[in-house]
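Residue numbers (our numbering), protein chains in the order written: chain A, 66 to 165; chain B, 450 to 623.
All residues carry an ideal CB built from backbone N, CA and C; glycine is no exception.
Notes to accompany the following structure.
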Amino acid sequence: MLSSYLTMAAILFCIGLYGALSKRNAVIVLMSVELMLNAVNLNLVAFSKYGAVPSLDGQIFSLFTISVAAAEVAVGVAILIALFRSRGTANVDEFDEMRR
Amino acid sequence: MGGFYIDWFGELVAFFAFAVVMIVGAVLMLTLTKVVHMVVSLAAVFLGLGGMFVVLEAEFVAFVQILIYSGAVTILLLFGIMMTDHQAVQHEPTRPVHEIVSAVAAIVLFGILFYAIRTTEFEPSAPPLQAGVDNAMEIGKQLYTQHVIPFELVSVLLTVAFIGAIVIAKKEAE
């Protein structure tokens with residue numbers, strides 16, 4: 066049963082990776098990153114039940130991951146709004162002044 | 450033995466039901482054209498993941514998942530969309546090479562992960578964790594004894610991050 070959960074998490078992670086690499090709207094990229102973080106949480110909780118040393122530590126670790134991800138989304142959306150205000154677009158291809 | 454079989458079969462059925470919800474939601478998130486519809490399908494993925502946590506006997510994590518992700522994060526992303534592109538529709542893909550390379554990278558990564566998962570021998574020695582009876586109380590005890598310093602640090606992190614978010618998103622005085 067453990068490998069089913071790990072495969073499910075791998076599917077979610079890869080869908081999120083594809084979205085983060087290929088989408089142009091910055092909000093969609095943020096959503097894809099959230100999907101990848103969720104895949105990691107699924108792995109943590111699955112190992113917490115079926116791992117070699119089952120314990121609650123995996124669940125507690127996933128709680129910390131969830132709270133850090135919530136902080137990340139808040140700061141990310143704030144940066145997006147500020148960028149949109151100054152550049153007038155939410156397209157990630159336009160945010161390239163560090164490259165020039 | 451019969452009870453064990455029923456438990457195992459029920460877990461399998463629930464797992465596949467939630468897995469179908471999550472994969473359909475994730476694929477829809479990538480293929481839908483309107484950004485608001487994408488957020489709704491992402492909420493479906495979050496709800497399916499919460500159900501999968503219940504199947505894994507992690508009820509507290511499941512409810513935190515539903516509160517934080519399906520509630521707060523989804524609404525926050527909706528606000529992000531409303532404050533940036535109101536009529537946002539994903540335009541036609543104008544860079545097919547980039548998309549194909551991204552898809553190949555994701556599929557190759559999935560192949561590697563799948564191969565690693567299939568070939569690893571997971572030790573079945575220890576019996577699965579039975580934390581279903583009073584899950585929240587056990588987590589609370591551990592949070593306030595063993596993990597109390599990270600717990601307090603997370604509260605500081607959340608405060609700093611949210612104040613920072615307000616400062617960043619605030620309109621600058623001209």
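DSSP places E508 (chain B) inside the alpha helix (DSSP H), whose first and last residues are E508 to Q514. Pairing S87 (chain A) with E548 (chain B) gives a Cβ-Cβ distance under 8 Å. DSSP places D122 (chain A) in the uninterrupted alpha helix (DSSP H) bounded by D122 to R152. Secondary structure note for I93 (chain A): its alpha helix (DSSP H) is the uninterrupted segment A91 to Y115. Between V494 (chain B) and L100 (chain A), the C-beta spacing is below 8 Å.
In this structure F112 (chain A) is buried. Its beta-carbon is surrounded by 16 or more other beta-carbon atoms within 10 angstroms. Chain-ordered, the chain B residues with CB closer than 7 Å to the CB of F129 (chain A) read P599 and V603. Taking CB atoms only, N90 (chain A) has a neighbour in chain B less than 8 Å away. For the region 460–493 of chain B, the set of residues with a beta-carbon nearer than 9 Å to any beta-carbon of chain A comprises E460, L461, F464, F465, F467, A468, M471, I472, A475, V476, M478, L479, V484, M487, V488 and L491, in chain order.
With respect to G84 (chain A), I93 (chain A) sits close: the two C-beta atoms are nearer than 8 Å. Rounded to whole angstroms, the separation of the alpha carbons of V484 (chain B) and G497 (chain B) is 20 Å. Within the same chain, Cβ atoms closer than 6 Å to the Cβ of M487 (chain B) are found at M478 and L481, the five residues on either side in sequence being excluded.
Annotation for M163 (chain A): no alpha helix (DSSP H) segment contains it, and DSSP assigns it neither H nor E. With contact defined as three or more Cβ pairs closer than 8 Å, the region 587–601 of chain B and the region 512–523 of chain B are not in contact.
Taking a Cβ-Cβ threshold of 9 Å, none of the residues of chain A is close to I524 (chain B); the smallest such distance is about 10 Å.
A Cβ-Cβ distance of about 6 Å is found for the pair V603 (chain B) and F129 (chain A), placing them in contact under the 8 Å criterion. For K483 (chain B), the three-state secondary structure derived from DSSP is strand. Residue pairing by DSSP puts N156 (chain A) in a beta bridge opposite A:N90.
Apart from sequence neighbours up to five positions away, the residues of its chain that approach L95 (chain A) with a beta-carbon distance below 6 Å are G141, ordered along the chain. Against chain A, the beta carbon of F495 (chain B) has neighbours under 8 Å at N103, listed in chain order. For a cut-off of 8 Å, the C-beta gap from S68 (chain A) to R567 (chain B) is around 7 Å, short enough to register as a contact.
The C-alpha of R164 (chain A) lies about 13 Å from the C-alpha of V157 (chain A). Burial is judged here by how many other beta carbons sit within 10 angstroms of a residue's own beta carbon; T533 (chain B) has at least 16 and is buried. Neighbours of V157 (chain A) across chain B, judged by C-beta separation under 7 Å, do not exist; the nearest C-beta is about 12 Å away. Between the alpha carbons of Y593 (chain B) and F528 (chain B) lies a distance of about 34 Å.
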